[in-house]
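Protein chains: 2
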Amino acid sequence: MTDLFPEKGHDHGRCIDSALRQAEDVAEANNARFTDMRRRVFTLIWQSHKAITAYELLDSLQAEGVRAQPPTVYRALEFLVGLGLIHRIESLNAYFGCDMPHHEHLGQYFICRNCGRVAEAVNDDMSSAVHAAARAVGFRIEATTIEIKGLCHDCATH
Amino acid sequence: MTDLFPEKGHDHGRCIDSALRQAEDVAEANNARFTDMRRRVFTLIWQSHKAITAYELLDSLQAEGVRAQPPTVYRALEFLVGLGLIHRIESLNAYFGCDMPHHEHLGQYFICRNCGRVAEAVNDDMSSAVHAAARAVGFRIEATTIEIKGLCHDCATH
DNA sequence: GACGAAATGATATAATATAACACTTGAAGA
DNA sequence: TCTTCAAGTGTTATATTATATCATTTCGTC
Chain C
13 MTDLFPEKGH DHGRCIDSAL RQAEDVAEAN NARFTDMRRR VFTLIWQSHK
63 AITAYELLDS LQAEGVRAQP PTVYRALEFL VGLGLIHRIE SLNAYFGCDM
113 PHHEHLGQYF ICRNCGRVAE AVNDDMSSAV HAAARAVGFR IEATTIEIKG
163 LCHDCATH
Chain X
13 MTDLFPEKGH DHGRCIDSAL RQAEDVAEAN NARFTDMRRR VFTLIWQSHK
63 AITAYELLDS LQAEGVRAQP PTVYRALEFL VGLGLIHRIE SLNAYFGCDM
113 PHHEHLGQYF ICRNCGRVAE AVNDDMSSAV HAAARAVGFR IEATTIEIKG
163 LCHDCATH
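Chains as they are written, first to last, in our numbering: chain C, 13 to 170; chain X, 13 to 170.
Below you can see the structure in the form of structure tokens.
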């Protein structure tokens, strides 16, 4: 069994660096400006593998000395979600970083209620089940939300 | 192809009646009180096959002359969701009636962005894909949210 | 009828999100 | 280089969604 969630002692700096690099690539490929504000918000989101709310981001920005207001944060979030660099977790009203922003994907989010971490998975069986179900009823899919709450392997066994 | 969504000219009164009867059964089976307030809220939710927000419900109640406040509505919603009589659609912050409250099910919601209707489906392939994916990563599922947005067959073809 | 638990009423406020308009910045052409 | 204009950000106000808290009422059980 491979745990989707990052190992306890992993080098998180590398996660952040890699995410930033990928984000810059994607932004460039889309002719989109990865401004300072957007980079700050993106980096804050990547500070952990948990989902973070807009107002938590706002507090962090203000703690850093940035004079930000809610619209600033929501705009950055909108931009990042639009490029697929982060995902919104509907059931938490929170955001978290995507580690595969390069390709379109129908992601599923596993959310641990104990440690708060989120892991994204891409599962072909699930994707095809969704598409087959939609096809069977003549529904034209534009967006899907699949969020699974419970206990991650670490929290379920310790 | 069978459309999940109700036919245009269907007798909606029968939907409501049947839903009410089922809800009463479920409440009784759970030794739960289906009070007047809860019945009102439940009936309002069943007025359409769309999802309705808490504050829309509040407005409707007040229009009916009931002196209700937000907590009243949220309590009724909590009760109804708890018994599985209604479902919350996370991506809409709204609620809609379940037509199979008798059995546990991992439901999927198809949401039409054009007409606003919601249809619930239960799909074994999808359920088993979710469970298989969770098993593969040692995740213990407690709740799942599957919401699919797009165009229903009617709206996609007309 | 008295009691206690459950439900509801009422007030206040927290948490999440957006509208509207002003100002700044930066890329692209003149 | 200067101008211009669209995109981005700042700022203020407010809309929308949700809950905490305590008082009162209702209802089944004794």
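Don't be surprised by glycine CBs; every beta carbon is placed ideally from N, CA and C.
The beta-carbon distance between C:Ala-63 and C:Val-85, rounded to whole angstroms, is 14 Å. This is too long to meet the 8 Å contact definition. Comparing C-alpha distances from C:Arg-100 to each of C:Ala-80, C:Gln-59, C:Tyr-121 shows the shortest one belongs to C:Tyr-121.
A Cβ-Cβ distance of about 18 Å is found for the pair X:Leu-118 and X:Tyr-107, leaving them out of contact under the 8 Å criterion. Of the candidates C:His-24, C:Ala-155, C:Cys-164, C:Ala-155 places its Cα closest to the Cα of C:Glu-116.
The beta carbon of X:Gly-128 sits closer than 7 Å to the beta carbons of Lys-62 from its chain, once the five residues preceding and following it are set aside; these are given in chain order. DSSP, reduced to helix, strand and coil, places X:His-115 outside both helices and strands of the structure shown, so it counts as coil. For C:Ala-35, same chain residues with a beta-carbon under 7 Å away, outside a window of 5 residues either side, are Phe-46, Phe-54, Leu-97, Pro-113 in chain order.
Put simply, of X:Leu-32, X:Ile-28, X:Gly-162, X:Thr-157 the residue whose alpha carbon is nearest the alpha carbon of C:Leu-104 is X:Thr-157. The segment 68 to 150 of chain C contains, as complete alpha helix (DSSP H) runs of 4+ residues, the segments 82 to 94, 136 to 148 (chain order). One finds Phe-151, Arg-152, Glu-154 in chain X with Cβ atoms closer than 8 Å to the Cβ of C:Leu-163, taken in chain order. For X:Arg-26, same chain residues with a beta-carbon under 8 Å away, outside a window of 5 residues either side, do not exist.
Bridge partners of C:Thr-157 according to DSSP: X:Glu-159. Of the candidates C:Met-49, C:Ala-44, C:Pro-18, C:Thr-169, C:Met-49 places its Cα closest to the Cα of C:Gln-74. Taking a contact as a CB-CB distance under 8 Å, the pair C:Asn-42 and C:Leu-95 counts as one, their CB atoms being some 6 Å apart.
Under the Cβ criterion (8 Å, minimum of three pairs), the segment 131 to 151 of chain X counts as touching the segment 135 to 154 of chain C.
Interface annotation, X:Phe-91: not in contact with chain C, CB-CB separation never under 8 Å.
The beta carbons of C:Val-142 and X:Ile-160 sit about 7 Å from each other, so the pair counts as a contact at 8 Å. Under a 10 Å Cβ-count criterion, X:Gly-21 is classified as exposed, with fewer than 16 other Cβ atoms of the shown protein chains found around its own Cβ. Per DSSP, reduced to three states, the secondary structure at C:Arg-152 is strand.
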